[in-house]
Amino acid sequence: MSANFRELYTDAELEKLRRKIKAWTVALAVISAVGLAVCVTLAVLTNTANARRMELYTIAVSIAVGWFVIYCACFAVGSSRRELAHAGTLRDGERERTEGRVTVTRQRLRIKKSITAKRVRVETPDGESLFWVAESRAPLLQGASAVWTVHGYVAGYEVAK
Amino acid sequence: MRFLKNVFSQLHTFVLWALMSAILWSWIFTMVTDTSPQKKVQIYIYVDELRDTDLAVYLEQDLPDGIKMVKVHPFTYAMLNVDLLENSDLFILPASMVGEYEELLLPGGEAVKVYDPDTGSGAALDYISYSDEDYYLYFGAKSLHLDDGAAKYVADRLLAS
């Protein structure tokens, strides 16, 4: 690999992703525990006079906290987890180099239970090659003169001196 | 926009959580707000309008030892499970319905008139909306609280209100 080579995901960025996942997981566990504690407290404070009201409050709290946790788990933690798994595959996979004029197109692809990717076109003297790059990393390819790919996904790039 | 798109992509999970919350907490509250037949006095009242919670709160004041709660239900509560009526300790019935439910009433038990449409006087008028006929209070044939006096105690409180 040339001196101009850059990893799409550096070790520091992977560590940052891991820390983000851990922080979200702890935060969601704490929010779930607080929500459950509120529901149990409402149930304990129930008597004949307030039973129906307390039941409604408890169900409302349970649903609201549950929806918040589900949303965050799917779209905050989930996307980071998927990105980390994708980055791991790119770091460990066998790479191929393609040199040429690199352009990130507008074409997007959302792979179910995986990342959102953008189409990358590399114009070579022999024609053009098409690859994918994780949408969040696509801006890095601006000005790239070559890409290194794993299974059709950009794993690293080279910038012209 | 993205938020709504995310929500719709997981709509089934949100709906499932809401249903699970409602079912689980309803069941828990049924457990919390109920007790064994030995520890509660049950009254079924044959009227269209009944402030059952308020009447139960009134009747639960100064309960005799061993009794934890009074459950007041309209007859419609037993609509899907008529067997529930069999264990009732007290009944308030209009004169026209006594024949239909005679087998649930204490044989040879004395009926106490609780509402007179001619004078408009009656028991628990703040809680029970009687229709335009005579109403009577009966003890249940299978009441568990005839011997310990709890059924009579609650009946006396009802008549005194």
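Chains A and B, in that order, are what the protein sequence lines are. In the working numbering, each number is its position in the first sequence, counted from 1, plus 24. Note that the working numbering numbers the second sequence so that position 107 is 97, with each residue one more than the last. Glycine included, C-beta positions come from ideal geometry on N, C-alpha and C.
* Contacts around A/Thr70, its chain only, beta-carbon distance under 8 Å, and the 5 residues preceding and following it disregarded -> Once the five neighbours on either side are set aside, the close Cβ partners of A/Thr70 are Met78, Glu79.
* Through-space distance from B/Phe81 to B/His63, alpha-carbon basis -> Between B/His63 and B/Phe81, the C-alpha separation is close to 10 Å.
* Asked: Quick one, which of A/Ala170, A/Lys40, A/Arg121, A/Ser86 has its alpha-carbon nearest A/Val101's?
  -> Scanning A/Ala170, A/Lys40, A/Arg121, A/Ser86 for the CA closest to the CA of A/Val101 turns up A/Lys40.
* Simplified DSSP assignment, three categories, for A/Glu120 -> Strand at A/Glu120.
* Quick one: what's B/Ser119 bridged to in DSSP? -> DSSP, once it has assigned bridges, lists B/Glu39 as partnering B/Ser119.
* Which chain B residues are close to A/Ile94, counting only those with a beta carbon under 9 Å from its beta carbon? -> Within 9 Å Cβ-Cβ: Gln0, Thr3, Phe4, Trp7.
* Within 8 Å of chain B by C-beta, residues of the region 75 to 92 of chain A in sequence order -> Cβ contacts with chain B: Ala75, Arg76, Met78, Glu79, Thr82, Ile83, Ser86, Ile87, Gly90, Trp91.
* Asked: Which residues of chain B have a Cβ atom closer than 7 Å to the Cβ of A/Phe99, listed in chain order?
  -> Ordered by position in chain B, the residues that pass the 7 Å Cβ test against A/Phe99 are Asn(-4).
* Show which residues of chain A have a CB atom less than 9 Å away from the CB atom of B/Ala46. => Correct list: Thr72, Ala73.
* Does any CB atom of chain B fall closer than 8 Å to the CB of A/Ala67? -> Against chain B, the CB of A/Ala67 has a partner CB under 8 Å away; the residue lies at that interface.
* Asked: With burial defined as no fewer than 16 other Cβ atoms inside 10 Å of the residue's Cβ, what is the status of A/Ala88: buried or exposed?
  -> A/Ala88 comes out exposed.
* Asked: Is the CB of B/Ile118 under 8 Å away from at least one CB in chain A?
  -> Taking Cβ atoms only, chain A never reaches closer than 8 Å to B/Ile118, which makes this a no.
* At least three beta-carbon pairs within less than 8 Å, the region 69 to 80 of chain B to the region 128 to 137 of chain B -> The region 69 to 80 of chain B vs the region 128 to 137 of chain B: in contact.
* **Inter-residue Cα distance where the pair is B/Gly56 and B/Ala140** => Cα to Cα, B/Gly56 sits roughly 9 Å from B/Ala140.
* Short check: CB of B/Leu149 to CB of B/Ala101, under 8 Å? -> For B/Leu149 and B/Ala101, no; Cβs fall outside 8 Å.
* Simplified DSSP state of A/Gly59, which is helix, strand or coil -> Under the three-state reduction of DSSP, A/Gly59 is assigned to helix.
* Classify A/Leu108 as helix, strand or coil using the three-state DSSP reduction. => Reduced to three states, the DSSP call for A/Leu108 is helix.
* Answer with yes or no whether the minimum CB distance from B/Val39 to chain A is below 8 Å. => Note on residue identity: the sequence assigns Glu, not Val, to residue 39 of chain B. No, because no Cβ of chain A sits closer than 8 Å to the Cβ of B/Glu39.
* To do: Output the distance between the C-alpha atoms of A/Pro149 and A/Arg125, rounded to the nearest integer angstrom.
  => So the two alpha carbons sit approximately 10 Å from each other.
* Is A/Lys142 helix, strand or coil when you go by DSSP? -> Correct three-state label for A/Lys142: strand.
* Along chain A, which residues have their Cβ under 9 Å away from the Cβ of B/Ser133? -> The premise fails here: B/Ser133 is roughly 20 Å from chain A at the closest Cβ pair, so nothing lies under 9 Å.
* Look up A/Arg125 in the DSSP assignment and give the residues it is bridged to. => DSSP lists A/Glu147 as the bridge partner or partners of A/Arg125.
* Asked: Would A/Thr213 be called buried (16 or more neighbouring beta carbons within 10 Å of its own) or exposed?
  -> Because chain A here runs from 25 to 185, residue 213 of chain A falls outside it and cannot be looked at.
* State buried or exposed for B/Leu9, treating a residue as buried only when at least 16 other CB atoms are found within 10 Å of its CB. => Classification of B/Leu9: exposed, given that the 10 Å Cβ count is below 16.
* Asked: For B/Ala12, which residues in chain A fall below 9 Å Cβ to Cβ?
  -> Under the 9 Å cutoff, chain A gives Ile83, Ser86, Ile87.
* Asked: Going along chain A in order, which residues have a C-beta closer than 8 Å to the C-beta of B/Ser16?
  -> Contact annotation for B/Ser16 against chain A: Glu79, Ile83 [CB-CB distance below 8 Å, chain order].
* Asked: Thinking C-alpha only, which one of A/Val157, A/Leu165, A/Trp172 is nearest A/Arg121?
  -> Of the candidates A/Val157, A/Leu165, A/Trp172, the one whose C-alpha sits nearest the C-alpha of A/Arg121 is A/Trp172.
* Asked: Below 8 Å between beta carbons: does that hold for A/Val146 and A/Val128?
  -> No, the pair does not count as a contact, with Cβ atoms beyond the cut-off.
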